[in-house]
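First residue of the sequence shown? That's 181 in the working numbering, and the numbers climb one at a time after it. Positions of the beta carbon are idealized from the N, C-alpha and C atoms, including for glycine. Working notes, beginning with the structure itself.
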Amino acid sequence: MTKTVPAYQRIKNAILDNIHSGKWQAGEAISTEMALAEEFEVSRMTVNRALKELSEERVLERRQGSGTFVAQQQFNHTFVEVRNIAQDLKSANRDYQARVVSKRAITASMLDDEMRRKFGIDEAVVPSNSKAANAKNVDSYSIDSNTDSTEAAVLYEVKIIHFADGQPIQFEERWVDATKVPEFIEQDFSVVNTSDYLIAKSPLERGNYTIRALAAPDEIANALQIAPQSPTLVLRRQTYSAGRVLTFVKMWHAGDRYQFSGKL
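Take a look at the structure:
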């Protein structure tokens, strides 16, 4: 079942599309509230909500008496460059494929301590009128059947295997703030790259990562088609938008198939 996208979210998506397509450049004024209200056939209050949220996310800058402008900072040194395994493999003339293992919505009561700390979520359940509220069992994702269906999703979780020339090369475990990117879980990630989608919808301002060598637990070993406890390289990365963690990801790589390199 397809969920109706709220009007303010449609306006946000359209503004982001115009920015990322280059129609509205950094520092340029965007359409006025009145023009946007007429274009989308909504009230100025609805437009104001969209502009307010994008301003809080540092995508737009509102200037009293002058209008609303595309913020400069998201296009300068604060913008996070995130490597895309699909592009890397294709640029190396290798056949790339992705297979989605699972997708699910996670409520506050389902979180472990690590995820609470990562995303700054306390014990309180997010109210059911939030953007990601009332997620129910559908073909593309689900909430644990033991959880109250009126409890809002606070995170989305996806697990994806990335293949190079038919061989699994990376197992991706990703968690995303469901309240900031409510349509994330509905995407087909065998076609859409997770990082590309997040950057397009909520520009990343900073991030941090670690790379460790770990023995593969059973789930990871099965996904990568290697023996349990085989050596793997694990990249753990969290990226921020509007001052908050937007996504946390673990990327597992078979140690004998993958290496990290760069230029100094």
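Just mark residue i as buried or exposed, buried being the case when its beta carbon has 16 or more other beta carbons within 10 Å.
{"i": "residue 244", "result": "exposed"}
{"i": "residue 306", "result": "Legend: pLDDT at residue 306 = 44, less than 50; position of this residue unreliable, no value from coordinates given."}
{"i": "residue 391", "result": "exposed"}
{"i": "residue 348", "result": "buried"}
{"i": "residue 353", "result": "buried"}
{"i": "residue 431", "result": "buried"}
{"i": "residue 350", "result": "buried"}
{"i": "residue 308", "result": "Because the pLDDT at residue 308 is just 44, under 50, the model does not fix this residue reliably, and the point stays unresolved."}
{"i": "residue 326", "result": "Reliability of the predicted coordinates at residue 326 is poor, the pLDDT of 44 falling under 50, and the value obtained from them is presented with this limitation in mind. So residue 326 ends up on the exposed side."}
{"i": "residue 362", "result": "buried"}
{"i": "residue 270", "result": "exposed"}
{"i": "residue 529", "result": "Any answer about residue 529 is impossible in this case: the structure gives the chain only from 181 up to 444."}
{"i": "residue 407", "result": "exposed"}
{"i": "residue 433", "result": "buried"}
{"i": "residue 230", "result": "buried"}
{"i": "residue 371", "result": "exposed"}
{"i": "residue 360", "result": "buried"}
What are the boundary residues of the alpha helix (DSSP H) that residue i is part of?
{"i": "residue 426", "result": "No alpha helix (DSSP H) contains residue 426, which is instead part of the beta strand (DSSP E) from 424 to 434."}
{"i": "residue 296", "result": "293 to 299"}
{"i": "residue 375", "result": "374 to 381"}
{"i": "residue 354", "result": "Counting along the chain, residue 354 falls outside any alpha helix (DSSP H), though it belongs to the beta strand (DSSP E) covering 347 to 357."}
{"i": "residue 396", "result": "Run containing residue 396: none; DSSP gives neither H nor E here."}
{"i": "residue 267", "result": "265 to 271"}
{"i": "residue 406", "result": "Run containing residue 406: none; DSSP gives neither H nor E here."}
{"i": "residue 191", "result": "187 to 200"}
{"i": "residue 226", "result": "224 to 236"}
{"i": "residue 213", "result": "213 to 220"}
Rounded to the nearest angstrom, how far is the Cβ of residue i from that of residue j, given a contact under 8 Å?
{"i": "residue 276", "j": "residue 343", "result": "7 Å"}
{"i": "residue 266", "j": "residue 388", "result": "Between residue 388 and residue 266 the Cβ distance is about 23 Å, and since that is not below 8 Å, they are no contact."}
{"i": "residue 189", "j": "residue 250", "result": "Between residue 250 and residue 189 the Cβ distance is about 19 Å, and since that is not below 8 Å, they are no contact."}
{"i": "residue 428", "j": "residue 298", "result": "5 Å"}
{"i": "residue 222", "j": "residue 187", "result": "5 Å"}
Quickly, what does DSSP pair residue i with across the bridge? List them, please.
{"i": "residue 244", "result": "Bridge partners of residue 244: none, in fact."}
{"i": "residue 417", "result": "389, 429"}
{"i": "residue 283", "result": "338"}
{"i": "residue 438", "result": "Partner(s): none; residue 438 has no beta bridge."}
{"i": "residue 369", "result": "Bridge partners of residue 369: none, in fact."}
{"i": "residue 249", "result": "209, 241"}
Could one say the Cβ of residue i lies closer than 8 Å to chain D's Cβ atoms, at least one of them?
{"i": "residue 193", "result": "You won't find chain D in this structure, because it holds only one protein chain."}
Can you name the start and end residues of the beta strand (DSSP E) that residue i belongs to?
{"i": "residue 289", "result": "Neither: residue 289 is in no beta strand (DSSP E) and is coded neither H nor E."}
{"i": "residue 344", "result": "333 to 344"}
query: Should the segment 417 to 424 be regarded as contacting the segment 279 to 290, the criterion being three or more beta carbon pairs within less than 8 Å?
result: no
message: Whether or not the segment 372 to 386 and the segment 394 to 404 are in contact is what I'm after, with contact meaning three or more pairs of Cβ atoms, one per stretch, closer than 8 Å; do they touch?
response: no
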